[in-house]
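The structure appears right after this line, and notes come after that.
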Amino acid sequence: MSPYDLLIAPFAEFDFMKRALVGSFALAMGAAPVGVFLMLRRMSLTGDAMAHAILPGAAVGYLVAGLSLPAMTLGGLIAGVTVAVLAGLVARFTALKEDASLAAFYLLSLAVGVMLVSLRGSNVDLLHVLFGTVLALDDATLILLASIASLTLVAMAAIYRPLVLECMDPSFLRSVSSAGTPVHFIFLGLVVLNLVGGFHALGTLLAVGLMMLPAASARLWTQDISVILLISAAMGVVSGYAGLLVSYHLGLPTGPSVISAAGAIYVLSLIFGAEGGFARRFIPIRHLEA
Amino acid sequence: MSATSGILLDDVTLGYARHPAVHHLSGAIGSGSLTAVVGPNGAGKSTLLKGIVGMLKPLSGSIGLGNLTRRDIAYLPQAAEIDRSFPMAVYDLVAMGLWKRHGLFGGMGRGDSQRIGDALGAVGLTGFENRPIGTLSGGQTQRALFARLLLQNAPVILLDEPFNALDTRTVSDLLDIIRRWHGEQRTVIAVLHDMDLVRAHFTDALLLARSPVAWGPAHEVLTAENLFKARHMIEAFDPEAAICSRDAA
Chain U
0 MSPYDLLIAP FAEFDFMKRA LVGSFALAMG AAPVGVFLML RRMSLTGDAM AHAILPGAAV
60 GYLVAGLSLP AMTLGGLIAG VTVAVLAGLV ARFTALKEDA SLAAFYLLSL AVGVMLVSLR
120 GSNVDLLHVL FGTVLALDDA TLILLASIAS LTLVAMAAIY RPLVLECMDP SFLRSVSSAG
180 TPVHFIFLGL VVLNLVGGFH ALGTLLAVGL MMLPAASARL WTQDISVILL ISAAMGVVSG
240 YAGLLVSYHL GLPTGPSVIS AAGAIYVLSL IFGAEGGFAR RFIPIRHLEA
Chain S
0 MSATSGILLD DVTLGYARHP AVHHLSGAIG SGSLTAVVGP NGAGKSTLLK GIVGMLKPLS
60 GSIGLGNLTR RDIAYLPQAA EIDRSFPMAV YDLVAMGLWK RHGLFGGMGR GDSQRIGDAL
120 GAVGLTGFEN RPIGTLSGGQ TQRALFARLL LQNAPVILLD EPFNALDTRT VSDLLDIIRR
180 WHGEQRTVIA VLHDMDLVRA HFTDALLLAR SPVAWGPAHE VLTAENLFKA RHMIEAFDPE
240 AAICSRDAA
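Chains as they are written, first to last, in numbering that gives the first Met the number 0: chain U, 0 to 289; chain S, 0 to 248.
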């Protein structure tokens with residue numbers, strides 16, 4: 000098999016592979032930077048929780064309108080934002096911290112979601128919502144994914160300064176600006192938006208993978224936030240490409256293949272990462288003069 | 000700095016869940032004064048700064064800032080809540096001091112990098128620009144935070160125990176900066192524990208032990224008698240405390 004057959008032909012010959020590639024690129028470029036800030040704010044598991052929270056909204060959309068893109072997207076958005084805001088309010092006005100309240104709400108949300116899906120339809124439908132359909136992206140879904148990625152990048156650029164400050168020195172941000180709270184909620188909105196985009200392509204469970212795995216991998220290579228953002232998006236793009244190839248050649252399910260590719264990059268970063276990888280710890284290097 | 004009426008404290012009580020930490024404090028912090036806030040642990044010193052900067056609403060009384068706003072106050076909290084594992088260089092940490100000048104979107108020009116360089120030079124951190132903040136020692140971190148304060152260019156500067164766990168050389172370098180601010184007519188309020196340092200360098204002192212013990216010129220406030228009084232005024236926390244009767248009058 001020539002390199003062309005191995006690396007390019009699947010995308011040149013099959014339209015559905017081309018679409019899957021474009022979709023996963025868009026997803027990676029939007030989700031990875033969001034994941035970087037989730038990780039830096041010690042909210043890595045929040046993405047996971049939010050992904051579960053989206054399910055009942057998507058399910059309601061599905062019940063009302065069948066496999067309709069606008070209905071499921073809108074439902075997912077509403078459910079995700081509701082859980083995010085409720086968790087935020089509970090954290091501010093009760094003794095519970097945000098992680099505890101988020102855990103409570105996403106579990107409730109997931110239970111309701113599974114019940115709703117089972118009301119109508121079979122397990123196949125549930126599998127679609129949970130694991131996505133990256134090989135069946137139509138024009139509307141591609142446009143949605145591209146719009147979400149563009150909106151995410153523009154919004155992140157707009158709130159970049161307060162977002163960084165809110166992570167690294169929240170009390171300073173409070174002393175110079177009142178942007179902290181709105182920025183927090185805009186950011187959570189972007190998390191939900193990207194997960195909703197992700198679940199069309201990869202499903203709710205795997206969408207988080209393309210958000211968090213490249214972020215965690217990139218952190219192991221540099222101490223510079225702007226470089227981390229670039230590397231993570233690049234790693235997401237590479238995962239999408241590699242995952243689709245593996246899936247095509249070995250006949251494996253696509254979503255999990257993409258996430259496994261991101262996982263492989265993560266393991267390599269864990270071992271060889273220049274900033275805190277394993278290898279640095281165990282290979283003796285002589286210390287410096289100063 | 001323009002002349003202002005300073006910060007007016009009118010019968011201020013600050014605290015948490017109705018329990019006062021600063022109890023019925025009245026007085027004025029004159030514009031351009033160099034005031035040390037001293038007193039035992041738990042006396043309400045940090046609480047007072049949080050009240051002035053507006054992070055804590057008074058339980059009663061009021062804090063007047065004259066013609067200043069909250070944003071004119073630069074505040075360095077005790078053990079600043081900085082996430083030192085955050086992937087960021089010293090240069091960027093210090094550059095945050097220009098927030099008021101540039102806000103969310105303003106671009107940084109050549110003049111700004113000059114200013115940042117000058118601020119780093121003033122605190123003795125020239126050459127540290129590209130170091131990740133996680134690699135700084137405690138003293139170097141405090142120097143970097145002072146550089147950020149320099150860039151904030153604020154008429155009022157609040158420092159909460161700025162010299163904790165610093166060596167004498169760092170303290171004396173940072174003290175030079177505080178004196179420079181005083182020379183520029185800025186109002187500086189610092190929570191401190193080193194009485195000799197306060198006597199030597201500060202014009203005014205407020206001795207706090209929940210209630211104010213003494214307030215005035217530093218050498219008059221920091222007498223053995225007053226300090227003895229302050230040590231004995233801290234009452235234990237009483238969950239069943241009665242409602243304060245002074246407000247009723």
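Using N, Cα and C, we set each Cβ at its ideal position, and we do this for glycine too.
In whole angstroms, what is the alpha-carbon distance linking LEU124(S) and ALA118(S)? Here residue 124(S) refers to the residue found at position 125 when the second sequence is read from its first residue. Here residue 118(S) refers to the residue found at position 119 when the second sequence is read from its first residue. Distance between the alpha carbons of LEU124(S) and ALA118(S) is about 9 Å.
Buried or exposed: ARG218(U), going by 16 or more other Cβ atoms within 10 Å of its Cβ? For this step, residue 218(U) is matched to residue 219 along the first sequence. Buried: at least 16 other Cβ atoms inside 10 Å.
How about LEU109(U) and LEU54(U): do their beta carbons lie closer than 9 Å? Within the first sequence, residue 109(U) is the residue found at index 110, counting from 1. Within the first sequence, residue 54(U) is the residue found at index 55, counting from 1. Yes, the Cβ-Cβ distance between LEU109(U) and LEU54(U) is below 9 Å.
Residue from LEU187(U), HIS199(U), LEU150(U) whose Cα sits closest to the Cα of THR253(U): Against the first sequence, residue 253(U) aligns to sequence position 254. Checked all of LEU187(U), HIS199(U), LEU150(U); the closest Cα to THR253(U) is HIS199(U).
7 Å Cβ shell around ARG18(U) - same chain, five flanking residues per side excluded: To locate residue 18(U), count along the first sequence from 1; it is residue 19. Here the set comprises LEU136, LEU141.
Does the beta-carbon distance from LYS44(S) to GLY38(S) come in below 9 Å? Here residue 44(S) is taken as the residue at index 45 of the second sequence, counted from 1. Here residue 38(S) is taken as the residue at index 39 of the second sequence, counted from 1. Yes; because the gap between Cβ atoms is below 9 Å, this pair is in contact.
Look at LEU101(U) and MET49(U) and say whether their C-beta atoms are less than 9 Å apart. Within the first sequence, numbered from 1, the residue matching residue 101(U) stands at position 102. Within the first sequence, numbered from 1, the residue matching residue 49(U) stands at position 50. Result yes, Cβ atoms of LEU101(U) and MET49(U) sit closer than 9 Å.
Give the DSSP bridge partners of HIS18(S), in chain order. Here residue 18(S) refers to the residue found at position 19 when the second sequence is read from its first residue. BP columns for HIS18(S) point to TYR15(S).
Would you say the stretch 147–155 of chain S touches the stretch 67–80 of chain S, given that touching needs at least three Cβ pairs under 8 Å? yes
Going by beta carbon distance, what residues of the same chain come within less than 6 Å of MET211(U), once the five residues before and after it are set aside? The sequence position of residue 211(U) within the first sequence is 212, counting from 1. So the list reads GLY34, SER43, GLY46, once near-sequence residues are dropped.
Going along the stretch 101–131 of chain S in order, which residues come within less than 7 Å of chain U, judged by CB to CB distance? LEU103, PRO131
Provide the residue(s) that pair with SER210(S) in DSSP beta bridges, ordered along the chain. Within the second sequence, numbered from 1, the residue matching residue 210(S) stands at position 211. Per DSSP, ALA208(S).
Which residue's Cα is closest to the Cα of VAL197(S): HIS101(S), GLU160(S), MET232(S)? Translated into positions along the second sequence, residue 197(S) becomes position 198. Minimum Cα distance to VAL197(S) is reached at GLU160(S).
Using the three-state DSSP reduction, which class does LEU191(S) fall into: helix, strand or coil? Translated into positions along the second sequence, residue 191(S) becomes position 192. Of the three classes helix, strand and coil, the one that applies to LEU191(S) here is coil, per DSSP.
DSSP three-state label for SER1(S), please. Taking the second sequence and counting its residues from 1, one reaches residue 1(S) at position 2. Unreliable positioning characterises SER1(S) in this predicted model, as indicated by a pLDDT of 44, which lies under 50. A coordinate reading is not provided.
Could you tell me which of LEU173(S), LEU135(S), TYR90(S), LEU103(S) sits nearest to SER112(S), measuring between CA atoms? Counting from one through the second sequence, the residue named residue 112(S) turns up at place 113. With distances taken between Cα atoms, SER112(S) lies closest to TYR90(S).
Mapping the DSSP letters down to three states, classify HIS200(S) as helix, strand or coil. Residue numbering aside, residue 200(S) sits at position 201 when the second sequence is read from its first letter. If DSSP states are grouped into helix, strand and coil, HIS200(S) belongs with the helices.
If you draw a straight line from the alpha carbon of ALA248(S) to that of VAL11(S), how long is it in whole angstroms? In the second sequence, the residue the question calls residue 248(S) occupies position 249. In the second sequence, the residue the question calls residue 11(S) occupies position 12. Per-residue confidence for ALA248(S) stands at a pLDDT of 47, beneath the threshold of 50, marking its modelled position as unreliable; the derived number appears in the next sentence. Each residue's Cα considered, the two are about 15 Å apart.
Going by DSSP, what residue range makes up the alpha helix (DSSP H) through ASP159(S)? Counting from one through the second sequence, the residue named residue 159(S) turns up at place 160. Note, ASP159(S): premise wrong, no alpha helix (DSSP H); beta strand (DSSP E) at 155–159.
Among ALA273(U), GLY208(U), PRO181(U), SER23(U), nearest to ILE147(U) - alpha-carbon criterion: The sequence position of residue 147(U) within the first sequence is 148, counting from 1. For the residues ALA273(U), GLY208(U), PRO181(U), SER23(U), the minimum Cα distance to ILE147(U) belongs to SER23(U).
Given a cut-off of 9 Å on the beta-carbon distance, is the pair PRO213(U) and GLY235(U) in contact? Within the first sequence, numbered from 1, the residue matching residue 213(U) stands at position 214. Within the first sequence, numbered from 1, the residue matching residue 235(U) stands at position 236. Closer than 9 Å, so yes.
Identify every residue that forms a DSSP beta bridge with ILE62(S). What you label residue 62(S) is simply residue 63 of the second sequence in a count that begins at 1. LEU8(S), per the DSSP bridge assignment.
If you draw a straight line from the C-alpha of VAL245(U) to the C-alpha of ALA58(U), how long is it? Against the first sequence, residue 245(U) aligns to sequence position 246. Against the first sequence, residue 58(U) aligns to sequence position 59. Those two C-alpha atoms are separated by around 30 Å.
Extent of the continuous beta strand (DSSP E) to which LEU75(S) belongs: If you number the second sequence from 1, residue 75(S) lands on position 76. 72–75 is the extent of the beta strand (DSSP E) around LEU75(S).
Under 8 Å (Cβ pairs) to chain U, residues found in the stretch 154–171 of chain S: none
Under 8 Å: do the stretch 268–283 of chain U and the stretch 24–43 of chain S share three or more Cβ pairs, one atom per stretch? no
Please state whether DSSP places LEU165(S) in a helix, a strand or coil. For this step, residue 165(S) is matched to residue 166 along the second sequence. LEU165(S): coil per DSSP, three-state reduction.
Hey, how far is the Cα of MET38(U) from the Cα of SER84(S)? Residue numbering aside, residue 38(U) sits at position 39 when the first sequence is read from its first letter. Residue numbering aside, residue 84(S) sits at position 85 when the second sequence is read from its first letter. Computed Cα separation, rounded: 12 Å.
Where DSSP assigns a beta bridge to THR72(U), which residues make up the other side? Position 73 of the first sequence, counting from 1, holds the residue named residue 72(U). Paired residue(s): none; THR72(U) is not in a bridge.
Going along chain B in order, which residues have a C-beta closer than 8 Å to the C-beta of PRO161(U)? Of the protein chains in this structure, namely U and S, none is chain B.
In its own chain, which residues sit with a C-beta less than 8 Å from the C-beta of ALA88(S), not counting the 5 before and 5 after it? One-based indexing of the second sequence puts residue 88(S) at position 89. Cβ neighbours of ALA88(S) beyond the five flanking positions: GLU128, ASN129, ARG130, PRO131, ILE132.
Could you check how far apart the C-beta atoms of ALA204(S) and ALA217(S) are, in whole angstroms? I think they sit under 8 Å. Here residue 204(S) is taken as the residue at index 205 of the second sequence, counted from 1. Here residue 217(S) is taken as the residue at index 218 of the second sequence, counted from 1. Their Cβ separation, rounded to whole angstroms, is 4 Å, which keeps ALA204(S) and ALA217(S) in contact under 8 Å.
Verify whether the separation of the beta carbon atoms of ILE261(U) and SER216(U) is less than 9 Å. Indexing the first sequence from 1 puts residue 261(U) at position 262. Indexing the first sequence from 1 puts residue 216(U) at position 217. Reading off the sequence shown, one finds Ala at residue 261(U), where the question assumed Ile. Yes, the pair counts as a contact, with Cβ atoms nearer than the cut-off.
Near-chain S residues of the stretch 219–230 of chain U (beta-carbon distance less than 8 Å), N- to C-terminal order: THR221, GLN222, ASP223, ILE224, ILE227
Kindly indicate which three-state DSSP category LEU124(S) falls into: helix, strand or coil? Against the second sequence, residue 124(S) aligns to sequence position 125. Looking at LEU124(S) - three-state DSSP - the assignment turns out to be coil, as it is neither helix nor strand.
Can you tell me whether ALA16(S) is buried or exposed? The criterion is at least 16 other CB atoms within 10 Å of its CB, across all chains shown. Counting from one through the second sequence, the residue named residue 16(S) turns up at place 17. That one is exposed.
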